[in-house]
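Since the structure comes first, as structure tokens, the remarks are kept for the end.
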Amino acid sequence: MIGVWHAWRGRTPRGEGPWAWLSAGSVALSLLALAALLLLLTVRGLGHFWPADVALVTLADGQQLAGVPVREVALPGDGRERLYRTGNAELEDGVWAWVPVAAITEVEYPRELVRVERRRGDEMVGWLVGMTREDGRWIEGARAWTALQERLHVLQGLRETRDRLRETVILPHVSEREPGDGDTPELTRAYARLQELQAAMEGGRLILRAAGGERLVVPLEALQSARRPNAMSAIDKLADWSDAVWRFLTEGPRAANTRGGVWPAIFGTVLMVILMSVMVMPFGVLAAVYLNEVAHQGRVTRLVRIAVRNLAGVPSIVYGVFGLGVFVYGIGGTLDTWFFEERLPSPTFGTGGLLWASLTLALLTLPVVIVATEEGLARIPDQQREGALALGATRLEMLSRVVLPMATPAMLTGLILAVARAAGEVAPLMLVGVAKLAPQVPVDGHFPFLHLDRKFMHLGYHVYDVALHSGDLQAALPLAYATALLLVLVILVLNLTAIFLRHYLRVRHGMPSPR
Amino acid sequence: MSATRDPRFAPRLAGACIDFAPEASCLEIQGLSLAYGDTPALEALSLRVPRHRVTAFIGPSGCGKSTLLRALNRLHDLNEEVVREGRILLDGQDIHAPEVSVAELRRRVGMVFQAPNPFPMSIYDNVAFGLRLQGRVSKRKRDDTVEWALRSAALWHEVKDRLQASAWSLSGGQQQRLVIARTLAVGPEVLLLDEPASALDPISTLKIEELIRNLKSTLTLVLVTHNMQQAARVSDYTAFLQGGELVEYGPTDTLFTNPRLRRTENYITGRMA
Ligand SMILES: Nc1ncnc2c1ncn2[C@@H]1O[C@H](COP(=O)(O)OP(=O)(O)OP(=O)(O)O)[C@@H](O)[C@H]1O
Ligand SMILES: [Mg+2]
Numbered sequence: 001m002i003g004v005w006h007a008w009r010g011r012t013p014r015g016e017g018p019w020a021w022l023s024a025g026s027v028a029l030s031l032l033a034l035a036a037l038l039l040l041l042t043v044r045g046l047g048h049f050w051p052a053d054v055a056l057v058t059l060a061d062g063q064q065l066a067g068v069p070v071r072e073v074a075l076p077g078d079g080r081e082r083l084y085r086t087g088n089a090e091l092e093d094g095v096w097a098w099v100p101v102a103a104i105t106e107v108e109y110p111r112e113l114v115r116v117e118r119r120r121g122d123e124m125v126g127w128l129v130g131m132t133r134e135d136g137r138w139i140e141g142a143r144a145w146t147a148l149q150e151r152l153h154v155l156q157g158l159r160e161t162r163d164r165l166r167e168t169v170i171l172p173h174v175s176e177r178e179p180g181d182g183d184t185p186e187l188t189r190a191y192a193r194l195q196e197l198q199a200a201m202e203g204g205r206l207i208l209r210a211a212g213g214e215r216l217v218v219p220l221e222a223l224q225s226a227r228r229p230n231a232m233s234a235i236d237k238l239a240d241w242s243d244a245v246w247r248f249l250t251e252g253p254r255a256a257n258t259r260g261g262v263w264p265a266i267f268g269t270v271l272m273v274i275l276m277s278v279m280v281m282p283f284g285v286l287a288a289v290y291l292n293e294v295a296h297q298g299r300v301t302r303l304v305r306i307a308v309r310n311l312a313g314v315p316s317i318v319y320g321v322f323g324l325g326v327f328v329y330g331i332g333g334t335l336d337t338w339f340f341e342e343r344l345p346s347p348t349f350g351t352g353g354l355l356w357a358s359l360t361l362a363l364l365t366l367p368v369v370i371v372a373t374e375e376g377l378a379r380i381p382d383q384q385r386e387g388a389l390a391l392g393a394t395r396l397e398m399l400s401r402v403v404l405p406m407a408t409p410a411m412l413t414g415l416i417l418a419v420a421r422a423a424g425e426v427a428p429l430m431l432v433g434v435a436k437l438a439p440q441v442p443v444d445g446h447f448p449f450l451h452l453d454r455k456f457m458h459l460g461y462h463v464y465d466v467a468l469h470s471g472d473l474q475a476a477l478p479l480a481y482a483t484a485l486l487l488v489l490v491i492l493v494l495n496l497t498a499i500f501l502r503h504y505l506r507v508r509h510g511m512p513s514p515r
Numbered sequence: 001m002s003a004t005r006d007p008r009f010a011p012r013l014a015g016a017c018i019d020f021a022p023e024a025s026c027l028e029i030q031g032l033s034l035a036y037g038d039t040p041a042l043e044a045l046s047l048r049v050p051r052h053r054v055t056a057f058i059g060p061s062g063c064g065k066s067t068l069l070r071a072l073n074r075l076h077d078l079n080e081e082v083v084r085e086g087r088i089l090l091d092g093q094d095i096h097a098p099e100v101s102v103a104e105l106r107r108r109v110g111m112v113f114q115a116p117n118p119f120p121m122s123i124y125d126n127v128a129f130g131l132r133l134q135g136r137v138s139k140r141k142r143d144d145t146v147e148w149a150l151r152s153a154a155l156w157h158e159v160k161d162r163l164q165a166s167a168w169s170l171s172g173g174q175q176q177r178l179v180i181a182r183t184l185a186v187g188p189e190v191l192l193l194d195e196p197a198s199a200l201d202p203i204s205t206l207k208i209e210e211l212i213r214n215l216k217s218t219l220t221l222v223l224v225t226h227n228m229q230q231a232a233r234v235s236d237y238t239a240f241l242q243g244g245e246l247v248e249y250g251p252t253d254t255l256f257t258n259p260r261l262r263r264t265e266n267y268i269t270g271r272m273a
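Protein sequence lines correspond, in order, to chains A and E. Just so you know, full-length UniProt numbering puts 270 at position 270 of the first sequence, and the rest follows in order with no gaps. Just so you know, full-length UniProt numbering puts 150 at position 150 of the second sequence, and the rest follows in order with no gaps.
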């Protein structure tokens, strides 16, 4: 971009002639590609949560359908075809409809058209006929809409209470219970309360009329929300959209990851990267210090250095296999026979989990940290070392008080590179501990608070799972885009944190920032 | 280091070792030979450095001045290649004796290098660096010592309002005086200065020279310099080295006005062979 800008202003970029043009052009091209990628992710991902208007389409043959226009393609030969998302999976021609644009005689946006989001499965589109309340009373007309909203609100509250009960009382009890133990009174009470809540949610049905005239009947407890997008103002929609984005960020997934949010995946990704950093930094820095400050600079050290550099190029799946064989089956299996014998044959550490995944990624990123730290150490002038020694410092004091603080920016550069590599890595994780669904995050209020043996969710794996393993790719793709965007943002935030920290340290030490 | 002579060192040259005996000596170098691997840098060098005086080492580039200076506080210990023979006595004690701690020796024999090398920390922390290494010193005592060291290095008035500023924000001349203050703060008996003013402007140079003259009431100073005028201005005794050998050593006035050897005279007057 900068190059092109200079060119527009009639200046030549640094250097002369066609080479400068070529290099400036390729910089501009890479930036454009990057911007396009982010734009795609943002528009498709965030657009997914927007309560789009529903069109009522009348075709030339008198047929009607209601749906959200998704995209339009040119047909071979003449004409165009438009894809509508019509929902109503129970109907024969439900969910998606391709309509030749030429056959459309009228498109309207009636304010009363309703989009109903289900807890699982596709949404429903149609006119509200009426609803039976949980006590069996029939309500129709305008009052039915208000009654529906009220009931959905109540249901949401009941669900939240139930989930809290399950997370704070039942799951911890169950996971702490030794095999063969009976239920504690507290657990029995909790189960009874659970039944009550479940019963309170049942009852009541919603009746819709689809655009084609069919009647649709759904139990109310199967519904998440209902809205009339055509009657909503832009501000209503924005509020609705932010609410949906917020829920996507903070809720757990539902319906085999095709619905709900990605909170456990965000949490898992960040936690794993942090654990990985905690493991890789001390080892990487110590190794670099040994190679650069302690070891005799001979042929062996040179060989080791070359080997470390080459280790950075080993494909990540190889690390995954190594982690599975050595960490999971080897170390984990041994730990189980020593400390968790009573739980065998069900493994505790002898299966993939947070600890092994972080350790595998730490191994994967170790070379990056070593190389970056070593470069930082090599840049420190010997006069600094001698200055410290001349004041009576021992070698250890010299290292810890002068050399290592001066090398922290370089270490952080290593950390930044390591995080960038580790946060996006999916392949090795599939072997050592990532899970398709692990709604219980690995940190909770129960001893030992951080559960290193648990499986965890990961944004990168979630993208893969959502995109490939849900029945309806059309429907899942926006969710995959949104998750991918989130992954990029998480990496960005982690990196920016390290960059700011590095900048802060440089400023504190009065060191100039390199260009 | 064996007591027998290393065959790599050339035989002792007659006349190269001038036994000049000034006043009470602080440092005594006895037959010091030193080589970097197979390259000899000092050959059978003997001289005594008088207490509370400024002794200057002069000589052409590569003659071994820095090597000699670094030998005096055992900075060569880091370099595995270095082979040494001969003795160096500080107050009569061999500095290589097993009971001598290197850290302790380096506190007693401070060193200031050619390029200012303040640490990337605040001015205060730089000066307090050596004190902190020595363990528990009360903050009050530390503050006092830092102030005293900065005053002794004639830097106090320039930095007293910004002790927490980065040391790298100081000018080159100020940085060099900070390094001197840092060294003074650990209370050395000997201060080795390796071309301390060669990277500085004339005014900073004058300040450093004045500082050297003031410090000699309490310290023994050894100064390496390429600047003849500087050596003449500040030093009491001057040693002329060439090719790793001590050529001539004597009171500065005598050496500059009436050198005994032709080689010395040629060097001083700028007529190099
Ligand atoms: N680390 C080292 N390894 C090998 N040889 C060295 C090393 N340091 C110095 N030498 C050699 O030892 C000799 C003396 O060097 P020294 O640095 O003591 O000279 P100097 O008198 O200080 O010179 P200058 O006035 O240029 O600073 C030179 O020939 C130099 O090449
Ligand atoms: Mg030198």
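We put the CB at the ideal spot given by N, CA and C, even for glycine.
Residue interval of the beta strand (DSSP E) (run including residue i)
{"i": "residue 160 of chain A", "result": "Counting along the chain, residue 160 of chain A falls outside any beta strand (DSSP E), though it belongs to the alpha helix (DSSP H) covering 142–165."}
{"i": "residue 290 of chain A", "result": "First-last for residue 290 of chain A: undefined, no H or E at that position."}
{"i": "residue 196 of chain E", "result": "No beta strand (DSSP E) holds residue 196 of chain E; DSSP gives it neither H nor E."}
Where residue i sits in the DSSP three-state scheme
{"i": "residue 275 of chain E", "result": "In the structure as shown, chain E starts at 1 and stops at 273, and residue 275 of chain E therefore has no counterpart that could be examined."}
{"i": "residue 111 of chain E", "result": "strand"}
{"i": "residue 69 of chain A", "result": "strand"}
{"i": "residue 50 of chain A", "result": "coil"}
{"i": "residue 508 of chain A", "result": "helix"}
{"i": "residue 227 of chain A", "result": "strand"}
{"i": "residue 94 of chain E", "result": "strand"}
{"i": "residue 219 of chain E", "result": "coil"}
{"i": "residue 36 of chain E", "result": "strand"}
{"i": "residue 30 of chain E", "result": "strand"}
{"i": "residue 262 of chain A", "result": "coil"}
{"i": "residue 10 of chain E", "result": "Residue placement at residue 10 of chain E is poorly supported in this model, since its pLDDT is 41, which falls under 50; the coordinates are not used for a value here."}
{"i": "residue 164 of chain E", "result": "coil"}
{"i": "residue 449 of chain A", "result": "coil"}
{"i": "residue 269 of chain E", "result": "coil"}
{"i": "residue 5 of chain E", "result": "For residue 5 of chain E, the pLDDT reaches just 45, beneath the cut-off of 50, and the residue's location in the model is therefore unreliable, although a value from the coordinates is still provided. Residue state, collapsed to three classes: coil."}
{"i": "residue 1 of chain A", "result": "Confidence at residue 1 of chain A is low in this model, with a pLDDT of 49, below 50, so its placement is unreliable and the value that follows should be read with caution. Residue 1 of chain A: coil per DSSP, three-state reduction."}
{"i": "residue 51 of chain E", "result": "coil"}
{"i": "residue 131 of chain A", "result": "strand"}
{"i": "residue 95 of chain A", "result": "strand"}
{"i": "residue 299 of chain A", "result": "helix"}
Residue span of the alpha helix (DSSP H) that contains residue i, given as start and end
{"i": "residue 194 of chain A", "result": "185–201"}
{"i": "residue 181 of chain E", "result": "172–185"}
{"i": "residue 411 of chain A", "result": "404–423"}
{"i": "residue 466 of chain A", "result": "459–469"}
- [ ] Answer yes if the segment 240–249 of chain A comes into contact with the segment 381–399 of chain A, meaning at least three C-beta pairs across the two stretches below 8 Å, and no otherwise.
- [x] no
- [ ] Check whether the segment 83–94 of chain A touches the segment 191–202 of chain A, counting contact only when three or more Cβ pairs, one atom from each stretch, lie closer than 8 Å.
- [x] no
Open item on the list: Can you confirm whether the segment 173–186 of chain E touches the segment 194–203 of chain E when touching is taken to mean that 3 or more C-beta pairs between the two stretches lie within less than 8 Å?
Closed with: yes
Task: Segment contact flag, the segment 416–427 of chain A with the segment 454–472 of chain A, C-beta cutoff 8 Å, min 3 pairs - done: yes
Task: Exercise answer, beta-carbon shell around ligand 2 heavy atoms below 7 Å - done: E:65, E:66, E:114, E:194, E:195, E:224
Open item on the list: Short of 9 Å Cβ to Cβ, which residues in the segment 35–57 of chain E face chain A?
Closed with: none
Open item on the list: Would the segment 33–44 of chain A count as touching the segment 92–109 of chain A if we require 3 or more Cβ pairs under 8 Å?
Closed with: no
TODO: Evaluate the contact criterion for the segment 94–103 of chain E versus the segment 112–126 of chain E: three or more CB pairs, one atom per stretch, below 8 Å.
DONE: no
Open item on the list: Please identify, using Cβ separations under 9 Å, the residues of the segment 404–416 of chain A that lie next to chain E, in order along the chain.
Closed with: 405, 406
TODO: Mind the definition here: the segment 30–43 of chain E touches the segment 68–75 of chain E only if three or more C-beta pairs lie below 8 Å; say whether that holds.
DONE: yes
Task: Near-chain E residues of the segment 390–404 of chain A (beta-carbon distance less than 9 Å), N- to C-terminal order - done: 390, 391, 392, 393, 394, 395, 397, 401, 402
Open item on the list: Would you call the segment 41–54 of chain E in contact with the segment 203–218 of chain E, where contact means no fewer than 3 C-beta pairs closer than 8 Å?
Closed with: yes
TODO: Name, going along the chain, the residues of the segment 351–379 of chain A whose beta-carbon falls closer than 7 Å to a beta-carbon of chain E.
DONE: none
Task: Contact between the segment 203–211 of chain A and the segment 119–135 of chain A (3+ Cβ pairs under 8 Å) - done: yes
TODO: Please name the residues in the segment 173–204 of chain E whose beta-carbon is closer than 8 Å to at least one beta-carbon of chain A, in chain order.
DONE: 179, 182, 183, 186
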